[in-house]
Amino acid sequence: RSSHLNGRTSAWLRRPLSINLLLSLSLAAADLFSGLLIILQLLLNRPDIYDYLQPHNCLILPAEILRLSSFSISVFHLLALAGNHFAGVVLPLHQRAWNTKIVKIGVVGFVWLLPPAILFVVTFSIPDQGFRSRDCENLSFVQQSFMFRNLISVLIFSPMFATIGIYVATVIYLRKTKNDPLLNASTKRPSKSDTTTMVNQRKKNNNKLFWTMILLMGTFILGWMPSVLIYLLICETCPFAISPDTWLFFVLVTFTFTLTIVKLCCNAFIYALRVTELRRALKLMHATCLWTLFRYEAYRDKATLEAMVAYK
16 RSSHLNGRTS
26 AWLRRPLSIN
36 LLLSLSLAAA
46 DLFSGLLIIL
56 QLLLNRPDIY
66 DYLQPHNCLI
76 LPAEILRLSS
86 FSISVFHLLA
96 LAGNHFAGVV
106 LPLHQRAWNT
116 KIVKIGVVGF
126 VWLLPPAILF
136 VVTFSIPDQG
146 FRSRDCENLS
156 FVQQSFMFRN
166 LISVLIFSPM
176 FATIGIYVAT
186 VIYLRKTKND
196 PLLNASTKRP
206 SKSDTTTMVN
216 QRKKNNNKLF
226 WTMILLMGTF
236 ILGWMPSVLI
246 YLLICETCPF
256 AISPDTWLFF
266 VLVTFTFTLT
276 IVKLCCNAFI
286 YALRVTELRR
296 ALKLMHATCL
306 WTLFRYEAYR
316 DKATLEAMVA
326 YK
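For the sequence shown, this note's numbering gives the first residue as 16, with consecutive numbering after it.
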């Protein structure tokens, strides 16, 4: 739902979009994409639907690769956002240099294309399996290969821990520079009230960043880690060989799928709803809908709308 809201509110956003805002919207789209692929997998796993559609293995394999890479796509979005936050804190004066259209397209394209590209290259490189087998009939490496599952785990855990590390480094940097007279100096001596305001604003920003980091770490641990660990450890050639026909396997899969979907929803709320531009766009969309549906005079004029949803 949050991804749908982000897509609807994009029409009310101010242009040009910052790289942080663009990544937040792209993250919401990635989570929606991942959720749709999960739903598709659950539907195709139903015996009655599978027997009715009888999809070809050469169609199932790309869909499975996209589903597996969709988690990495979301994590790489979080890594790109964390890197942008860190660069904005450490090099605030150089932020315009990487806020160009080419950089935005390059970063978004990179986080979307890298994970599936790696998995497609791997599937094409295995002899007599996957795309290199006749009619793609041999898919055992995707379903039962412990090494392939290790690769998926690396694509998820590596950017995940890198994201946490960047936020920890950001908090450490902010604490070190908090009382640095050279970094806090200004061209003119501020008044006591201005100094108090600056200190309070800095504390507010630091607290917001800290709680964002806590939310990220918590949702990482609770949302994705159980799913990745179960995917990594449970298969015929994995350390725990649990049959898919048992109730234990069914309970574990249901539990991890639920956590995954909750995590996908949390991503958009943590990042998008904490962005000032998106909060403003939601208010503007709400006011516009009220005028469209009920013809409230207070919501008619665009200038009035802009004033009503001013930044707070």
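Where is the CB? At the ideal position from N, CA and C, for every residue including glycine.
- Query: Quick one, are the C-beta atoms of Trp113 and Ile88 less than 9 angstroms apart?
  - Reply: no
- Query: Just checking, does the stretch 32-43 make contact with the stretch 270-279 on the three C-beta pairs under 8 angstroms criterion?
  - Reply: no
- Query: Alpha carbon to alpha carbon, what distance is there between Phe284 and Ile34?
  - Reply: 18 angstroms
- Grouping DSSP H, G and I as helix and E and B as strand, with all else coil, what is Ile1? Residue 1 cannot be examined here, being either before or after the span of the chain that is shown, 16 to 327.
- DSSP on Ile249, reduced to helix/strand/coil? strand
- Query: Would the beta-carbon of Ala177 fall within 9 angstroms of that of Ala256?
  - Reply: no
- Would you give the residue range spanned by the alpha helix (DSSP H) that Ser173 belongs to? 161-191
- Query: Leu94 and Pro174 look like a contact to me (Cβ under 8 angstroms); what is the Cβ gap, rounded to whole Å?
  - Reply: 4 angstroms
- Query: Is it right to say Ala302 is buried, meaning 16 or more other beta carbons lie within 10 angstroms of its own, or is it exposed?
  - Reply: buried
- Task: Could you tell me whether the stretch 74-92 touches the stretch 45-56, where touching means 3 or more Cβ pairs closer than 8 angstroms?
- Result: yes
- Task: Along the alpha helix (DSSP H) that carries Leu106, what are the first and last residues, could you check?
- Result: Where Leu106 is concerned, there is no enclosing alpha helix (DSSP H), given that its DSSP letter is neither H nor E.
- Message: For the pair the stretch 98-111 and the stretch 140-153, tell me if three or more CB-CB distances fall below 8 angstroms.
- Response: no
- Query: Name the DSSP bridge partner or partners of Phe48?
  - Reply: The partner list for Phe48 (beta bridge, DSSP) is empty, contrary to what the question assumes.
- Task: Let me know if Pro62 comes out buried or exposed under the rule of 16 or more other beta-carbons within 10 Å of its beta-carbon.
- Result: exposed
- Task: Kindly indicate the opening and closing residues of the alpha helix (DSSP H) around Leu128.
- Result: 116-140
- Terminal residues of the continuous alpha helix (DSSP H) containing Pro62? 62-68
- Query: How big is the Cα-Cα spacing for Leu248 and Val169?
  - Reply: 14 angstroms
- Query: Between the C-alpha atoms of Leu32 and Pro107, what's the straight-line distance to the nearest angstrom?
  - Reply: 17 angstroms
- Tell me, to the nearest whole angstrom, how far the beta carbon of Ala131 is from that of Ile53; I am working on the premise that it is less than 8 angstroms. Residue 131 is actually Pro in this sequence, not Ala. Not quite, the Cβ-Cβ distance comes to about 16 angstroms (not below 8 angstroms), so this is no contact.
- Helix, strand or coil: which one does DSSP assign to Tyr326? Per-residue confidence for Tyr326 stands at a pLDDT of 42, beneath the threshold of 50, marking its modelled position as unreliable; no derived number is given.
- Task: My understanding is that Val183 touches Gly238, with C-beta atoms under 8 angstroms, so please give their C-beta distance in whole angstroms.
- Result: Actually they are not in contact, since the Cβ atoms of Val183 and Gly238 sit about 19 angstroms apart, beyond 8 angstroms.
- Bridge-paired residues (DSSP) for Phe5: Outside the shown range of the chain, which is 16 to 327, sits residue 5, and nothing can be said about it.
- Message: Taking the straight line between their C-alpha atoms, what separation do you get for Asn153 and Phe139?
- Response: 12 angstroms
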